[in-house]
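Residue numbers (full-length UniProt numbering): 1 to 259.
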């Protein structure tokens, strides 16, 4: 979609983020298409906004006060789907297995959902989707040939939301998750959330310094892991832009030339 804004990333109040998201929803309705996001935080924030906007009186207020000047109106019909859900529920794991050209061949992959993709469960993992969403990330890793390493904090916060307000706790959390993956034998940690990736990769060196220990845990965003299994190169997956080297992943997958 063109001309849409940030969801608020969970750090803006609902008084600010609900109008922003209602505007995005209205534009999606105009295209008669669902919204797909690659971000767990966006999925969580938008899903909660969508839930509040089911209240017709509240939705009418948002439309009147914030959207009407642009000639927009949110009617309450938008569908929002994370890429992970689309892969598992729409594309299907069997189809995914059939198009793998570079199997992860038992690559030990720690999985990290973060705090938004499963909470609150009544919105993110309702009964009709419980079978597919409770283990969606694990199922994708296994479909690609990888070995799932169960992270102790896989459903917890990465530390990003408090980075500017409590850096010490944020770095402690980043260290907890990446060190846990390392100690359990993972070669990489994968997350469906780019903000988790930003924290766990981008702040990992600071977390290591804060805790006084080496970490060096490569962190991949889910589309990168899928892309590697589908035959894309590390460079095409922009792994050279990571702050923590992904060399261990590339070596494990048999890349001759580093990204």
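Virtual Cβ for every residue (Gly too), placed ideally from N, Cα, C.
Beta-carbon proximity of residue i to residue j, cut-off 9 Å
i, j, result
"residue 6", "residue 117", "no"
"residue 188", "residue 248", "yes"
"residue 9", "residue 45", "yes"
"residue 105", "residue 228", "no"
"residue 132", "residue 158", "no"
"residue 171", "residue 207", "yes"
"residue 63", "residue 26", "yes"
"residue 163", "residue 205", "no"
"residue 67", "residue 74", "yes"
"residue 123", "residue 224", "no"
"residue 199", "residue 232", "no"
"residue 81", "residue 37", "yes"
"residue 56", "residue 76", "yes"
"residue 213", "residue 185", "no"
"residue 99", "residue 222", "no"
"residue 146", "residue 93", "no"
"residue 33", "residue 20", "no"
"residue 181", "residue 210", "no"
Residue interval of the alpha helix (DSSP H) (run including residue i)
i, result
"residue 162", "Per DSSP, residue 162 belongs to no alpha helix (DSSP H) and is neither H nor E."
"residue 192", "No alpha helix (DSSP H) holds residue 192; DSSP gives it neither H nor E."
"residue 25", "14-31"
"residue 99", "Unbroken run through residue 99: none, as it is neither H nor E."
"residue 132", "130-133"
"residue 123", "121-124"
"residue 60", "56-62"
"residue 116", "It is not in any alpha helix (DSSP H) - residue 116 carries neither H nor E in the DSSP assignment."
"residue 89", "Note, residue 89: premise wrong, no alpha helix (DSSP H); not H, not E."
"residue 251", "247-252"
"residue 137", "136-143"
"residue 210", "204-211"
DSSP beta-bridge partners of residue i
i, result
"residue 81", "36"
"residue 110", "149, 189"
"residue 219", "189"
For residue j and residue i, believed in contact at Cβ under 8 Å, the rounded distance
i, j, result
"residue 143", "residue 97", "5 Å"
"residue 35", "residue 78", "6 Å"
"residue 90", "residue 52", "In fact, because the Cβ distance is near 26 Å, the residues do not count as touching under 8 Å."
"residue 115", "residue 156", "6 Å"
"residue 234", "residue 255", "6 Å"
Count the C-beta pairs between the region 132-151 and the region 209-221 that are closer than 8 Å, then say yes if the count reaches three, no if not. No: fewer than three Cβ pairs fall under 8 Å.
Segment contact flag, the region 151-171 with the region 109-126, C-beta cutoff 8 Å, min 3 pairs: The region 151-171 makes contact with the region 109-126, as at least three CB pairs between them are under 8 Å.
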